Each structure stands twice: as C-alpha cells, then as structure tokens.
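Since the structure comes first, as structure tokens, the remarks are kept for the end.
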Amino acid sequence: MMNNTLGIGLAGFGTVGTGVWETLEKNLNLISQRTGVQVEIRRIAVKDLSKSRLKGVPSDRFTTEWLEVVNDPKVDIVVELIGGTSTAYDIVAAALRSGKPVVTGNKALLAERGQALFKLSHEHHAAIHFEAAVAGGIPIIKAMQESFVGNNIECINGIINGTSNYILQRMTEAGLGYEEALGEAQQLGYAEADPTLDVNGWDAAHKAILLASLAYGFTIDPEKVYVRGIERVRGTDIEFAKRLGYVVKLLCVVREHTDGTIELRTQPSFIPGSHVLSSVHGVFNAVAVKGDIAGESLFYGRGAGKEPTASSVVADIVEAAHTINTQGTNHRGFLPYKTEGVIMAIEDTSTPYYVRFDVTDEPGVIAKIAAELAEAGIGISGTHSPVNPDNPDADFVDMVFQLHTCRFGLLKDTLKKIETFSCVNSRPVVFRIESLS
Ligand code: HSE
375 MMNNTLGIGL AGFGTVGTGV WETLEKNLNL ISQRTGVQVE IRRIAVKDLS KSRLKGVPSD
435 RFTTEWLEVV NDPKVDIVVE LIGGTSTAYD IVAAALRSGK PVVTGNKALL AERGQALFKL
495 SHEHHAAIHF EAAVAGGIPI IKAMQESFVG NNIECINGII NGTSNYILQR MTEAGLGYEE
555 ALGEAQQLGY AEADPTLDVN GWDAAHKAIL LASLAYGFTI DPEKVYVRGI ERVRGTDIEF
615 AKRLGYVVKL LCVVREHTDG TIELRTQPSF IPGSHVLSSV HGVFNAVAVK GDIAGESLFY
675 GRGAGKEPTA SSVVADIVEA AHTINTQGTN HRGFLPYKTE GVIMAIEDTS TPYYVRFDVT
735 DEPGVIAKIA AELAEAGIGI SGTHSPVNPD NPDADFVDMV FQLHTCRFGL LKDTLKKIET
795 FSCVNSRPVV FRIESLS
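Residues in the sequence shown are numbered consecutively from 375, following my numbering.
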C-alpha cells in the first residue's frame, strides 16, 4: 500500500468541484483502503474569491490565478472543471506541458480542441482522463477504452443529455412549458453554465463525438456532424408520438456502415415505446453499445448533477494517482489509430419521419403538400391535423405527416419546396422515427 499523498489542483469550484471536495471528504478512507491512493485538494482556482464557498474548505486553498494551481509544485494532478473551450484549453495545455495528468469533464473542449490536447498528452507523457465528460456517473468512457477493446463497434445509440431528457419528461408528464422545465433543470444543477448547449443538441453531440472517436479511432470534425436540439419540440409532438406508440427523445446515433462511413447525428427522434431506451427518464442517461463480439450492452445511470459527475471525476483522480504511484505510463486518453475516417453526409442517411407543418387552414392544403411529396416519390403512411379544442376555428393549424423511409437529402429538398407554399407559415419540424433494431 502506498502512503505518498498526491496533490490535486482544482480549476473551478462550482457544482461539480464542490461535489468532488465532498466526495473525497466522505469516501477518501474507503478509496485509500481499496486502492492505496492518498490524495488531497491543495489548490483551487476560482473566478471570484468573495463568493460563498463550502464550509470547511480552508480559505488559503483558493486563488483567482489558475496558473498558480497548475504551477504549484505541490499539485500533481490538475482537475479542470470550469467548462468552455478557451481558458479551459490554456489550463489543460499548461498542465500537460508540465507533465501533470489532467482530469476533465469538459466535453466541448475535447470534442472541439481535443486533437491538439491529446497530441500534447502524448508528447509530454501526461494522460487526459475524461470519464466525467460523457454521461455523468456512467462509466462509459472506460468501457469504450478498455472493455470493448476487442470489438468492432457496430453502433451506439445514446440518450446523453440529462437536461434535455429532463425537460422532455416534464413537458410530457407534468405538462410544463419548455421554459419552465428548463428553469427546473438549471436549479437542479443539470444544465451547463450556458444551457444553450444542452437544448440545442451540442452538449449531447460533443459527447457522441467523443464516443465515436474512441469507437472508430479518428479525430472527428464537429462541423461534419448533424445536430438538432429540442427547442422546437412541442406538446403536440409528444402527444402524437404517444398516440403512435413512440416516445420523443434527444437521440444520438453513431453507426458504422458497410462502406466504412460513420453515421453520426443528434436530433429529437421518435423511439418505440417498447424499446428500453424509451424508459430512460428525467436526468437519467443511457448508452446502448453493440460490438461484433460482445453483442449489445446497455449502460444506464444519472447523466448529470453534482454527485454522479463528481463520482466520475474522483474515479479519474484515483486512476491518475495510481498511475503516478506505480510509475505507469497510462496514456489511454485517446490514441487515434486512423489518420482519417469519413462521416456519412446527413443527406445520405435514411429513416422514416414525422413532419409537422404550421399551415393556414384552407381547402386543399393537405392535397398540395401530399402532391409535392408524391412527386418526389416519398410515401405517406399517415396524416393528421389535430384540432385545438380551445380554438376549433383557428386559422393556423398543425398538420402532421408520417413518411416512409427515404433519403434525408430527398426529404430536405422536398421540404424546401413545400416551405415556399403560401399556406405554409414556418419551417417544418422533422423528427426521425427510429426502429433501434
Ligand atoms: N448539462 C449536461 C447534461 C451535464 O444535462 O447532461 C452533463 O454533461
């Protein structure tokens, strides 16, 4: 058993940072007994020293200078928890350059600027640990790095943004409006500092990019990834999905096609009510991984919030400390083994769809839209125009079409034409209908 106590430097002491402090206070003895690792948080960089801090944290640990934390000789491991891709990049890069391993929960940073950071990590023999970056307390990163190493990954389907999932559930079950549900998610500490990334799909997409990189071994350009968020989901869509036997979820799909291209997209989707992913509610996340050898595995747990995320950060701290103690050379972070891979153009992906049009209620509307779809060769499996009981004579109505499987590119071009019709008042809202089989 090692008795060498290693120093931790935290950059950021918000929801997750305080969770890390509390977790170590509560479970450090257990961790030491289990692993022989002893750690201590020695420096904490914060933006504002006057903000009320956790009771019991000595005030001399705090500084407003993140460089002091990174450069402190008593700090052996740097934990970046400030979020964003600018200062966070500088902190992580500086730590790696000085040979200190980094623990981070920052998916945006790694998905957007990971290539340079992982390169630094290899050059300086300092690992980047990022379990907390994907799906909160679920150990999916280690599963991808270690447990599935003997598999070709066929596909990954994930519900990996707790905030969106929480909002969708509150809209479904409590009939809350979108803004109200988002406010709750923020209060509960699920949302990012800037919740835009949660609701516009990018938080989930960043996580999917990291999973796809680990699965397929190349650095993914976020610009090639198709991302839509939940901002345009309405109660009508949730109701409709339910009537048809589906549930609306913000779904990430990562799939390798036979030609080697990788389908990688994040968008609100209808998923079958009978599928296990439809039962993933509230802040819970789930990641379904299919390997050619292991078959299907499902990872389920709390995807956001103080304790689950702190649990993953602490696990990474322990791993980093263990590596230092054993003088190991653990650089599993991410080692690209392909110089390039191809992300499938979103236009070439195919599923059935649900499309909602906001139309002026006048004779012939359905016929006009249906004729354009027929002209394009897109089959219609159902159409409906729900009447608002509070306003049955409204001039504007939602008109819903369910469409058979077709190339997304074809649908996109056809919807562009339909959008120009005078009876169509705004851009149609498209949901994929996923079989998940
Ligand atoms: N804001 C994120 C979420 C936190 O809601 O899932 C975890 O990354």
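In this text, a Cβ means the ideal position worked out from N, Cα and C, and glycines have one as well. Quick caveat: nothing in here was measured; it's all calculated off a predicted structure.
Residue i to residue j, Cα distance in whole Å?
i, j, result
"Leu747", "Leu638", "26 Å"
"His563", "Gly679", "Note that residue 563 is Gly in the sequence shown here, rather than His. Each residue's Cα considered, the two are about 5 Å apart."
"Leu784", "Met718", "15 Å"
"Glu547", "Val654", "13 Å"
"Thr389", "Asp787", "44 Å"
"Ile415", "Lys516", "24 Å"
"Pro513", "Leu709", "19 Å"
"Ser800", "Lys425", "45 Å"
"Ile465", "Ala509", "23 Å"
"Asp577", "Leu483", "11 Å"
"Thr794", "Ala750", "16 Å"
"Val386", "Val771", "The residue you asked about is not Val; residue 386 is Gly in the sequence shown. Their Cα atoms are separated by approximately 48 Å."
"Gly707", "Thr461", "21 Å"
"His503", "Arg544", "33 Å"
"Asn525", "Lys581", "20 Å"
"Arg408", "Ala660", "28 Å"
"Glu721", "Arg781", "6 Å"
"Phe614", "Tyr711", "44 Å"
"Ser811", "Gly488", "32 Å"
"Val803", "His649", "24 Å"
"Asp769", "Pro596", "41 Å"
"Asp434", "Asp450", "18 Å"
"Lys481", "Glu399", "26 Å"
"Thr779", "Ile743", "17 Å"
"Val607", "Gly479", "28 Å"
"Tyr463", "Leu491", "8 Å"
Any idea what DSSP makes of residue i, helix, strand or coil?
i, result
"Asn539", "helix"
"Gln407", "helix"
"Val716", "coil"
"Gly547", "According to the sequence displayed, residue 547 carries Glu and not Gly. It is helical."
"Thr379", "strand"
"Gly707", "coil"
"Lys516", "helix"
"Gly391", "helix"
"Leu638", "strand"
"Glu721", "helix"
"Val650", "helix"
"Thr438", "coil"
"Ser643", "strand"
"Gly557", "helix"
"Lys623", "strand"
"Leu810", "coil"
"Ala812", "In the structure as shown, the chain begins at 375 and stops at 811. Residue 812 is therefore absent and cannot be evaluated."
"Asn531", "strand"
Taking residue i as part of the alpha helix (DSSP H), name the residues at either end of that continuous run.
i, result
"Asn525", "Run containing Asn525: none; DSSP gives neither H nor E here."
"Gly488", "Lys481 to Glu497"
"Val692", "Lys680 to Asn699"
"Leu428", "Note, Leu428: premise wrong, no alpha helix (DSSP H); not H, not E."
"Glu670", "Here Glu670 belongs to no alpha helix (DSSP H); instead the beta strand (DSSP E) covers Gly669 to Arg676."
Excluding five sequence neighbours on each side, which residues of the same chain lie with their C-beta closer than 7 Å to the C-beta of residue i?
i, result
"Gly756", "Gln776"
"Leu423", "Phe436 and Thr438"
"Ala559", "Thr537, Tyr540, Ile541 and Ala565"
"Leu404", "none"
"Val696", "According to the sequence displayed, residue 696 carries His and not Val. So the list reads Thr409 and Val411, once near-sequence residues are dropped."
"Gly591", "Pro710, Tyr711 and Lys712"
"Ala668", "Phe522 and Asn525"
Could you confirm whether any beta carbon from chain C is found closer than 9 Å to the beta carbon of residue i?
i, result
"Leu455", "Protein chains in the displayed structure number just one, and chain C is not present."
Could you pull out every residue in the same chain whose Cβ sits closer than 8 Å to the Cβ of residue i, ignoring the five residues on either side in sequence?
i, result
"Ile807", "Tyr620, Ser643, Phe644, Thr725, Pro726, Tyr727, Tyr728 and Gln776"
"Glu528", "Arg629, Glu630, Lys664, Gly665 and Asp666"
"Pro569", "Thr537, Leu556, Ala559 and Gln560"
"Ile740", "Thr757, Ser759 and Met773"
"Glu605", "Tyr552, Val573 and Asn574"
"Lys791", "Glu746"
Under 6 Å Cβ to Cβ from residue i, same chain only, skipping five residues before and after it: list those, please.
i, result
"Met375", "Summary for Met375: the model assigns pLDDT 46, below 50, so the residue's position carries little reliability, and this model does not support an answer."
"Thr635", "Val716 and Met718"
"Gly393", "Lys680, Glu681 and Ala684"
"Ala662", "Asn531 and Leu672"
"Asn574", "Gly603"
"Ser809", "none"
"Val444", "Val452, Ala468 and Ala469"
"Ala419", "Ala385, Thr437, Trp440 and Val443"
Along the beta strand (DSSP E) that carries residue i, what are the first and last residues, could you check?
i, result
"Glu566", "Counting along the chain, Glu566 falls outside any beta strand (DSSP E), and DSSP gives it neither H nor E."
"Lys664", "Phe658 to Gly665"
"Val420", "First-last for Val420: undefined, no H or E at that position."
"Val804", "Val803 to Ile807"
Subject >> Continuous alpha helix (DSSP H) assignments of at least 4 residues falling wholly in the stretch 730–793 >> reply: 739–750 and 782–793
**OP:** Please specify which runs of the alpha helix (DSSP H), each continuous and at least 4 residues long, are wholly inside the stretch 575–621, giving them in chain order.
**Re:** Considered as a whole, the stretch 575–621 harbours 576–590 and 609–617 as its complete alpha helix (DSSP H) runs of no fewer than 4 residues, in chain order.
Subject >> Uninterrupted beta strand (DSSP E) stretches inside the stretch 454–480 (no shorter than 3 residues) >> reply: 476–478
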